[in-house]
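J.:
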């Protein structure tokens with residue numbers, strides 16, 4: 496598909512059921528929802544964000560442009576109103592899209608996001624260094640897999656291998672630009688916006704995530720319609736470490752009358 500500013504984006508639909516628009520993590524990474532199984536009732540609308548994976552490496556890498564790209568993917572698939580599931584950075588992107596276009600979002604599934612503020616970075620760094628306990632190894636795919644093993648409680652190497660297959664170069668330009676822009680947005684501004692958001696939201700946490708889960712508290716407190724589920728002994732990618740439990744929670748939420 497081609498966006499209104501001429502950027503070619505890779506997108507695909509997996510399954511034949513009701514659509515769910517997925518926003519992957521990063522920034523600068525690619526779609527890793529090939530391992531996500533929500534059962535036969537759902538169809539995953541997947542895409543690589545601009546500059547990532549199979550999509551064109553073309554800016555601008557801004558929050559406004561990324562939100563516009565989400566809307567372009569929705570429209571390209573012919574969807575009027577759709578649940579949005581975002582993971583990590585993609586959870587924040589999904590939230591920004593819901594704030595910008597609430598009439599297009601029937602529900603938000605916010606998985607392993609990092610909340611509205613910026614104070615979590617130092618604790619995340621300490622947690623990460625405690626888990627890996629060594630200096631970075633290798634470059635490219637090897638280095639990414641070394642980093643991603645820290646995101647899991649069990650079989651970190653195996654899960655990191657799954658995340659890195661297929662492999663694409665990380666877009667550090669996009670990562671830096673979007674990360675820096677996010678830090679300029681005051682938490683109070685996002686809290687105020689979320690207080691008026693009427694989109695039903697499910698927050699999913701793996702309590703062993705190296706990114707501190709208290710960082711999401713202000714989001715939970717601000718949202719008028721929210722449910723929060725915490726998985727113990729699960730890290731940053733709950734559908735890999737607790738696939739059955741994750742599927743049950745998400746599909747149960749999406750079956751609620753206020754969501755459908």
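Numbering (the numbering used here), first residue to last: 496 to 755. Every residue gets a Cβ at the ideal spot worked out from N, C-alpha and C, and that includes glycine. Computed from a predicted structure; not experimentally measured.
Please check the pair residue 746 and residue 536, which I expect to be a contact at CB under 8 Å, by giving their CB distance rounded to whole angstroms.
T.: Confirmed, Cβ separation roughly 7 Å.
J.: If I follow the unbroken beta strand (DSSP E) through residue 738, where does it start and stop?
T.: That residue, residue 738, is in no beta strand (DSSP E); its alpha helix (DSSP H) goes 738-749.
J.: Indicate the three-state DSSP secondary structure (helix, strand or coil) for residue 520 in the structure shown.
T.: Coil at residue 520, not helix or strand.
J.: Round the Cβ separation of residue 730 and residue 646 to the nearest angstrom and send it over; I've been treating them as touching at under 8 Å.
T.: Rounded, the Cβ-Cβ distance is 5 Å, consistent with contact.
J.: Does DSSP put residue 582 in a helix, in a strand, or in coil?
T.: Reduced to three states, the DSSP call for residue 582 is strand.
J.: May I ask you to verify whether the stretch 682-692 touches the stretch 644-661, counting CB pairs closer than 8 Å and requiring at least 3?
T.: Judged by Cβ distances under 8 Å, the stretch 682-692 makes no contact with the stretch 644-661, as fewer than three pairs qualify.
J.: Using a threshold of 8 Å, state whether the C-beta atoms of residue 495 and residue 702 are closer than that.
T.: Past the edges of the chain, shown from 496 to 755, lies residue 495, and the structure says nothing about it.
J.: Based on Cα-Cα distance, which residue from 749, 621, 601 and 563 lies nearest to residue 502?
T.: Comparing Cα-Cα distances from residue 502 to each of 749, 621, 601 and 563, the minimum goes to 563.
J.: Between the C-alpha atoms of residue 525 and residue 583, what's the straight-line distance to the nearest angstrom?
T.: Going by the C-alpha atoms only, they are around 12 Å apart.
J.: Within 10 angstroms of its Cβ, does residue 667 collect 16 or more other Cβ (buried), or is it exposed?
T.: The residue in question, residue 667, is exposed, as its Cβ has fewer than 16 Cβ neighbours within 10 Å.
J.: Closer than 8 Å, CB to CB, is residue 673 near chain D or not?
T.: The structure shown contains no chain D; it is built from a single protein chain.
J.: Taking residue 670 as the reference, give the member of 633, 557 and 727 with the closest Cα.
T.: When only C-alpha atoms are compared, the closest one is 557.
J.: Please state the DSSP three-state secondary structure of residue 700.
T.: Reduced to three states, the DSSP call for residue 700 is strand.
J.: Output the distance between the C-alpha atoms of residue 578 and residue 528, rounded to the nearest integer angstrom.
T.: Cα-Cα distance, rounded: 15 Å.
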